[in-house]
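Each remark here refers to the structure printed beneath this line.
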Amino acid sequence: MRLSEASKDRLPGNVGVPGYDRSGALHAVHFGIGAFHRAHQAAFTDACNRAGNEAWSITGVSMRSATVAEQLNPQDGLYTLTVRSDEGSDTRVIGSVGEVLVAGPDRDTIVDRLASPECHLATFTVTEKGYCRAPDGSLDLTLASEGFYPILCEALVRRRDAGLPGLSLLSCDNLSGNGKQLGRLMREWIDAKAPTLRDWFAENCTTPDSMVDRIVPAPSADDLDALEQRIGLRDEGAIFTEGFTQWVIEDDFAGPRPAWEKQGVQVVDDVAPYETAKLRLLNGAHSLLAYAGLDHGHTYVHQAIADPKLRALVKRLMLEEAAPTIDAGEDQDLASYADQLVTRFENPALNHRLDQIAMDGSQKIGQRWLEVLAERNDRAGLCEAILTGIAHWLHHVSGQVRVVDDPRADALQNACAEASGAELVTTMFGKAGVVQSPWSPSDTETAFIIAQLRDLA
Ligand code: CS2
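Structure (structure tokens):
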């Protein structure tokens, strides 16, 4: 039997269920309702609803596939979130998602939801590639026409024409200055497609920056079967995650939002120090573990971090290469942050696949590695750990070792087929390179990468 409103009372007593009215007087629309959103923002909003003084309901939007809609709609939007640690598994039902719509077939309904007076927020986990940036960082209008931009723009025009307030547009993706980038890209769309909206958008909508953190591996079929055995109901939308969770948001909202700060969310004036530390230490280390770990024959993050060679590289990347580029706030201790990250990576109960992290590298390595290299250009010493990561990434995107899951896979593979050695490094990262890079490799850096690549061949 499937989990649903009707069946949820059959769950064992140790599985918490939403005890609140789920009809939701206040509304948020979330673009990109994958595993991450369900373990993070939706869980924080569920905690707010449970705390009792508000009733938020989320319309989840899948940009492409109908899979999540098929998982959650027959379950009345309900799904379980299981926290996995050394001590075992703790499961609860999350009730903040009311429905899931699919961008193609349900387009008009999504616009209606965003244009309704109850809606105050649009949130985003569309992944790095979902922002549809051209290699030079500007909005690629052709790609964007398939993304969230036209839907959101149409809804904002309707809100303006109806005299409704604007929306807070909250990016929860791993981009540096994610809110500022979203604002800039949305303005580029508006300028090109609906210029009369420009002033209203500037005056009525906000795009706060945010740093999001929780490790959420893609669930496996075995995970779902074992959960069913344990809780007695089938949950096709189940999510499994770690205990740690963090959300830091810039205090810049256009209207109401859930009282997330009462559930541990940090609402601050400046997100940048948190975001930079997270992207460069956690995500930077993740990408290194992914490409180097796969080349060393590992499958999961906990295996790669247990490999002494990779562990030493990760520590070096975090403490000696990334940390010196971060202007840490008073409450940030980067050395203990790095220790905490290593412990999180070691969690064997998560089974976090390296190939999940290796996806879309062309969209990720800029804010994780290249910005660090660019900032350290003038400092003493080579960033050997990051440069080793780059060698493994080049080996990966050559397409000769495994399938490359990346929106720029063809361009990357062609570049690897046509150039080698120093020429390859320049083709990739030089001015007008295949990857838009704030960093121009020096001769010493290039020589280091080539030597590493030779060892991998
Ligand atoms: C990972 C992130 O897949 C990836 O690229 O580095 O999803 C990472 O697990 C999260 O950002 C952790 O907060």
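Taking the working numbering, the leading residue of the sequence shown gets 242, the next gets one more, and so forth.
The C-beta atom is built at its ideal place from N, Cα and C for all residues, glycine as well.
None of these values were measured; they are calculated from a predicted model.
Reduced DSSP secondary structure (H/G/I, E/B, other) of residue i
{"i": "residue 594", "result": "strand"}
{"i": "residue 684", "result": "helix"}
{"i": "residue 322", "result": "strand"}
{"i": "residue 673", "result": "coil"}
{"i": "residue 363", "result": "strand"}
{"i": "residue 485", "result": "coil"}
{"i": "residue 697", "result": "helix"}
{"i": "residue 582", "result": "helix"}
{"i": "residue 678", "result": "coil"}
{"i": "residue 452", "result": "strand"}
{"i": "residue 571", "result": "coil"}
{"i": "residue 380", "result": "strand"}
{"i": "residue 246", "result": "coil"}
{"i": "residue 477", "result": "coil"}
{"i": "residue 374", "result": "strand"}
{"i": "residue 350", "result": "helix"}
{"i": "residue 368", "result": "coil"}
{"i": "residue 345", "result": "coil"}
{"i": "residue 257", "result": "strand"}
{"i": "residue 512", "result": "coil"}
Burial state of residue i (16 or more Cβ within 10 Å)
{"i": "residue 415", "result": "buried"}
{"i": "residue 608", "result": "buried"}
{"i": "residue 528", "result": "buried"}
{"i": "residue 318", "result": "buried"}
{"i": "residue 685", "result": "exposed"}
{"i": "residue 518", "result": "buried"}
{"i": "residue 336", "result": "buried"}
{"i": "residue 242", "result": "exposed"}
{"i": "residue 687", "result": "buried"}
{"i": "residue 325", "result": "buried"}
{"i": "residue 280", "result": "buried"}
{"i": "residue 629", "result": "buried"}
{"i": "residue 443", "result": "exposed"}
{"i": "residue 682", "result": "buried"}
{"i": "residue 542", "result": "buried"}
Cβ-Cβ distance between residue i and residue j below 8 Å
{"i": "residue 631", "j": "residue 562", "result": "no"}
{"i": "residue 479", "j": "residue 464", "result": "yes"}
{"i": "residue 476", "j": "residue 581", "result": "no"}
{"i": "residue 545", "j": "residue 474", "result": "no"}
{"i": "residue 417", "j": "residue 494", "result": "no"}
{"i": "residue 333", "j": "residue 256", "result": "yes"}
{"i": "residue 433", "j": "residue 392", "result": "no"}
{"i": "residue 677", "j": "residue 378", "result": "yes"}
{"i": "residue 308", "j": "residue 244", "result": "no"}
{"i": "residue 675", "j": "residue 667", "result": "no"}
{"i": "residue 397", "j": "residue 438", "result": "yes"}
{"i": "residue 441", "j": "residue 401", "result": "yes"}
{"i": "residue 451", "j": "residue 411", "result": "yes"}
{"i": "residue 514", "j": "residue 424", "result": "no"}
{"i": "residue 407", "j": "residue 449", "result": "no"}
{"i": "residue 590", "j": "residue 331", "result": "no"}
{"i": "residue 697", "j": "residue 572", "result": "no"}
{"i": "residue 637", "j": "residue 599", "result": "yes"}
{"i": "residue 521", "j": "residue 486", "result": "no"}
CB contact below 8 Å: residue i versus chain B
{"i": "residue 691", "result": "Judged by its chain identifiers, the structure shown contains no chain B, having just a single protein chain."}
In chain order, which alpha helix (DSSP H) runs of at least 4 residues are fully inside the region 531-564? 542-546 and 549-556
Should the region 600-615 be called in touch with the region 362-379, which here means at least 3 C-beta pairs below 8 Å? yes
Where in the region 385-413 do unbroken runs of the alpha helix (DSSP H), each at least 4 residues long, occur, reported from the N-terminal end onward? 390-402
How about the region 309-322 and the region 350-364: do they share at least three Cβ pairs that are nearer than 8 Å? no
With three or more beta-carbon pairs closer than 8 Å as the criterion, would you say the region 278-296 touches the region 259-266? yes
Tell me, please, whether the region 340-348 touches the region 497-508 by the rule of three or more beta-carbon pairs shorter than 8 Å. no
Below 8 Å, how does it come out for the region 298-306 and the region 342-356: are there three or more Cβ pairs, yes or no? yes
Pairing CB atoms from the region 515-535 with CB atoms from the region 557-572, are three or more of them under 8 Å? yes
Any 3 or more C-beta pairs closer than 8 Å across the region 540-552 and the region 496-503: no
Give a yes or no on contact between the region 531-545 and the region 569-579, applying the rule of three or more CB pairs nearer than 8 Å. no
Cβ contact (3+ pairs, closer than 8 Å) linking the region 440-458 and the region 276-283: yes
Entirely enclosed beta strand (DSSP E) segments - the region 260-343, minimum 3 residues: 267-272, 297-303, 320-326, 329-335 and 338-343
Mind pulling the beta strand (DSSP E) runs of 3 or more residues that sit fully within the region 592-658? none
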